[in-house]
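Visitor:
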Amino acid sequence: MKNSKRLYLAALLPFAIIALLFELLPVAATVMRSFSVEGGGGFTLAHYTDIFTKRLYRTALVNSLWVSILSSFIGLFVAFWGAKAYKSADSKLRNIFLSVLNMTSNFSGIPLAFSYIILLGNVGVLVMLGKHHGIEALASFNIYSIWGLLLCYIYFQIPLATLLLIPAFDGLRKEWREAVALLGGSETVYWLRVGLPNLLPSILGTFSVLFANAVAAYATAYALMQNNFALLPIKITEQFVGDVVQRREFGSALAVVLMLLMTATIAINDRILKMRTKKAK
């Protein structure tokens, strides 16, 4: 027994070393640097004070939260109906649907931003069609705005959320629906009393993943907006790759705030699930 445990520990050692070198140590170094005075040496909270008091960084924080939360909700809503449709489809349609989801879920970053620019840029295909045919909604659409950015985020949120929700829908048993019908319950009663309560842990977990995916997204936002729009990931990058001044300590503080946002989302999700479990007992 002891030899087996030692063998398991030896097998896990390479993964533990990788996690230490590429995850734990960089995070610890970032946190420590965020409390350092610029130029090295000393302890300060000034970086965090600037983040929450200076308008530029407050705006970046609010914009990141707004775009991430809204795109996560919309992506989750559309994915719910997509996963529901997948559940009721036949095997051939399911295979086609999964192939499309896998393809679209991997289409993000700079290629996605360029695709939207080609379609909805100032001289994009859809914009020119809107101007030619008098469709004002297309002709006047500004892809280089928060609404354009939101549209890009929703695009890569929907397939990811659908892929995460499909296994949850597979867990809904046919017998539950039949039992509700035998007791005189309608389709609405089934979803409110049985379906949604059983899907709630997966829905909350999916929302956490979508929020983390959106709040940390950088490539799509930068390729589309560059430095013309305040977002937390863009502001973090500016502190490390600035042509004139590099503020690594302040950039580390911004990175810590981003990590705290993602951690808080997961913690709130776990708290809600624990409260629900206690009520169920």
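Anchor point for the sequence shown: position 161 equals 161 in my numbering, and the numbering is continuous, going up by one each time. We treat Cβ as the ideally placed atom computed from N, Cα and C, and that holds for glycine. As the structure is a prediction and not an experimental result, all values here were calculated from the model.
Rank V100, S36, R247, A214 by C-alpha distance to the C-alpha of P233 and give the top, closest one.
Guide: A214
Visitor: Secondary structure at F107, three-state DSSP: helix, strand or coil?
Guide: coil
Visitor: Using three-state DSSP, classify S36 as helix, strand or coil.
Guide: strand
Visitor: Alpha carbon to alpha carbon, what distance is there between N198 and S186?
Guide: 17 angstroms
Visitor: Any idea which residues DSSP pairs F43 with across the strands?
Guide: S36
Visitor: What did DSSP end up calling Y144 once you bin it into helix, strand or coil?
Guide: In this structure, Y144 counts as coil in the three-state DSSP scheme.
Visitor: If V127 and F141 are in contact, beta carbons under 8 angstroms, what's the gap, nearest whole angstrom?
Guide: 6 angstroms
Visitor: Express the C-alpha separation of V37 and A221 in angstroms, rounding to a whole number.
Guide: Their Cα atoms are separated by approximately 30 angstroms.
Visitor: Determine the DSSP secondary structure at N213, reduced to helix, strand or coil.
Guide: helix
Visitor: Just to confirm the assignment, what range does the alpha helix (DSSP H) spanning Q239 have?
Guide: 232 to 241
Visitor: Count Cβ pairs between the stretch 174 to 186 and the stretch 103 to 117 that sit closer than 8 angstroms; are there 3 or more?
Guide: no
Visitor: Which same chain residues, not among the five before or five after A72, have their C-beta less than 7 angstroms away from its C-beta?
Guide: Note that residue 72 is Ser in the sequence shown here, rather than Ala. So the list reads Q157, F207, L210, F211, A214, once near-sequence residues are dropped.
Visitor: Can you name, in chain order, every residue of its own chain whose Cβ lies under 6 angstroms from the Cβ of S269, other than the five neighbours on each side?
Guide: Note that residue 269 corresponds to Asn in the displayed sequence, not to Ser. Around N269: L204, S208.
Visitor: Could you please give the first and the last residue of the uninterrupted alpha helix (DSSP H) stretch that includes L138?
Guide: 136 to 139 is the span of the alpha helix (DSSP H), which, as asked, contains L138.
Visitor: Indicate whether S252 and R33 have their beta-carbon atoms separated by less than 8 angstroms.
Guide: A contact, by the Cβ cut-off of 8 angstroms.
Visitor: If we count the other Cβ atoms within 10 Å of its Cβ and call it buried at 16 or more, is K92 buried or exposed?
Guide: K92 should be labelled exposed.
Visitor: With I51 and L254 assumed to form a contact (beta carbons below 8 angstroms), what rounded beta-carbon distance in angstroms separates them?
Guide: 6 angstroms
Visitor: Would you call the stretch 165 to 173 in contact with the stretch 75 to 87, where contact means no fewer than 3 C-beta pairs closer than 8 angstroms?
Guide: yes
Visitor: So Y153 packs on V67, CB below 8 angstroms; how close in whole Å?
Guide: About 6 angstroms separates the Cβ atoms of Y153 and V67, confirming a contact at the 8 angstroms cut-off.
Visitor: By how many angstroms is the C-alpha of Y218 removed from the C-alpha of L112?
Guide: 12 angstroms
Visitor: Rounded to a whole number of angstroms, what is the C-alpha to C-alpha distance between V189 and L24?
Guide: If you draw a straight line from the Cα of V189 to the Cα of L24, it comes to about 47 angstroms.
Visitor: Please state if the CB of L129 and the CB of L138 are separated by a distance shorter than 8 angstroms.
Guide: yes
Visitor: With 16 as the cutoff for other CB atoms within 10 Å, does T53 come out buried or exposed?
Guide: exposed
Visitor: Count the other C-beta atoms from every protein chain shown that fall within 10 angstroms of the C-beta of I272, then say buried if there are 16 or more, exposed otherwise.
Guide: exposed
Visitor: Can you give me the C-alpha to C-alpha distance between P44 and F35, rounded to a whole angstrom?
Guide: As written in the sequence, residue 44 is Thr, which differs from the Pro given in the question. One C-alpha to the other measures close to 5 angstroms.
Visitor: I'd like to check one pair, I146 with K223: are the Cβ atoms closer than 8 angstroms?
Guide: A small correction: the amino acid at residue 223 is Ala; Lys does not occupy that position in the sequence shown. Contact: no.
Visitor: My output table needs one value for L131: the three-state DSSP class, helix, strand or coil.
Guide: Checking the sequence, you will find Lys at residue 131 rather than Leu. DSSP places K131 in helix when its eight states are reduced to three.
Visitor: Tell whether a beta-carbon distance below 8 angstroms holds between L56 and A216.
Guide: Not a contact, by the Cβ cut-off of 8 angstroms.
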